[in-house]
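The next block holds one structure in the form of structure tokens; read it before the comments.
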Amino acid sequence: MPTSDTNEALEEVQIFVNSPYSMRVFEALIDGSTTGRALAEQTGASRSTVTRILNKGESQGWIDSEGSQYELTDRGETMTNEFHDYLQTVKGIRHLGEMIRFLPPPARELDPRHFRDADIITPTETNPVEPFDYLAEWIRAANKKRSLVRLAVSRFVKLIHDQSMHGQLDSESVIEASWFDTLGEEPKQIPIWQTRAERGDVLLYDGEVPISFHIIDTTVGFWLSEDDQNGVEGLVVTDDPVVVSWAKSLYEDYRDEAEPLNPTMLPEA
Numbered sequence: 090m091p092t093s094d095t096n097e098a099l100e101e102v103q104i105f106v107n108s109p110y111s112m113r114v115f116e117a118l119i120d121g122s123t124t125g126r127a128l129a130e131q132t133g134a135s136r137s138t139v140t141r142i143l144n145k146g147e148s149q150g151w152i153d154s155e156g157s158q159y160e161l162t163d164r165g166e167t168m169t170n171e172f173h174d175y176l177q178t179v180k181g182i183r184h185l186g187e188m189i190r191f192l193p194p195p196a197r198e199l200d201p202r203h204f205r206d207a208d209i210i211t212p213t214e215t216n217p218v219e220p221f222d223y224l225a226e227w228i229r230a231a232n233k234k235r236s237l238v239r240l241a242v243s244r245f246v247k248l249i250h251d252q253s254m255h256g257q258l259d260s261e262s263v264i265e266a267s268w269f270d271t272l273g274e275e276p277k278q279i280p281i282w283q284t285r286a287e288r289g290d291v292l293l294y295d296g297e298v299p300i301s302f303h304i305i306d307t308t309v310g311f312w313l314s315e316d317d318q319n320g321v322e323g324l325v326v327t328d329d330p331v332v333v334s335w336a337k338s339l340y341e342d343y344r345d346e347a348e349p350l351n352p353t354m355l356p357e358a
């Protein structure tokens, strides 16, 4: 049964959702003191609607007024900022939709609001490899790529190699070391890995890599899959600064514990 504290909290939240204009009014007041008339013009609400919102805000101690001027109190500004962040989180969750369950566990520590404008590329009936096609075009147009991955997809091994050899791509990858145990099954790729090992742009992480992503220029893309599975459900791509900074930091953490791929570790072609 809800407690009185919960009921009071819900009543305060209700202030923001009583009208589609409520949040607009409070957000407009973040910019500083203003009049009810100016708020009506800025938000598109009627004067009577703005008046009701302002009166309710004053009754809660969120708004102070002097004459025709209204401004947020410290409490009102905090409530407005926090509810704004909550709305962005909801938008992020709605935008990710069912794909949120495929987000790799490390990325789930990020607030979903940072994914609210992300591109979500999933397989389609007409193109079941759409995420792979997207990444291929992304790599072809890139200048710099840093990857933290569980495994190397054969399609991209040659593409990355060719782009790097022609001086079109600055590439480095940290790969789960155990994946190289299967390299004997792809003998045609061994010369490429030998070249990359000599170039020093591949590092092996001796342990589990719980996430696969690519930082390409100023954007990051996460592969979506079932937990502990290598099947691909899609790719989430975002240039949100918080996500990009987080991914760069995580990449460096794994890179610091990884060792360069030694050519002598590779099977003979």
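90 is the number of the first residue of the sequence shown in our numbering; add one for each residue after it. Virtual Cβ for every residue (Gly too), placed ideally from N, Cα, C.
The residue from I189, Y175, T138 and G125 with its alpha-carbon nearest to that of W312 is I189. Residue environment for R136: exposed (fewer than 16 other C-beta atoms within 10 angstroms of its C-beta). DSSP lists no beta-bridge partner residue for D295. The beta-carbon distance between G181 and H203, rounded to whole angstroms, is 7 Å. This is short enough to meet the 8 Å contact definition. Annotation: H203 is outside any alpha helix (DSSP H) and is labelled neither H nor E by DSSP.
Under the 10 Å beta carbon count, G310 is surrounded by 16 or more other beta carbons and is classified as buried.
Around the C-beta of Q252, 16 or more other C-beta atoms lie within 10 Å, and the residue is accordingly described as buried. A residue is called buried when at least 16 other Cβ atoms come within 10 angstroms of its Cβ; H255 does not meet this threshold and is exposed. Put simply, the segment 265-282 does not touch the segment 319-332. Fewer than three CB pairs are less than 8 Å apart. Residue nearest to V242 within the set E116, S262, N232 and E341 is S262 (criterion: CA-CA distance). At a Cβ-Cβ threshold of 8 Å, A286 and N351 count as neighbours.
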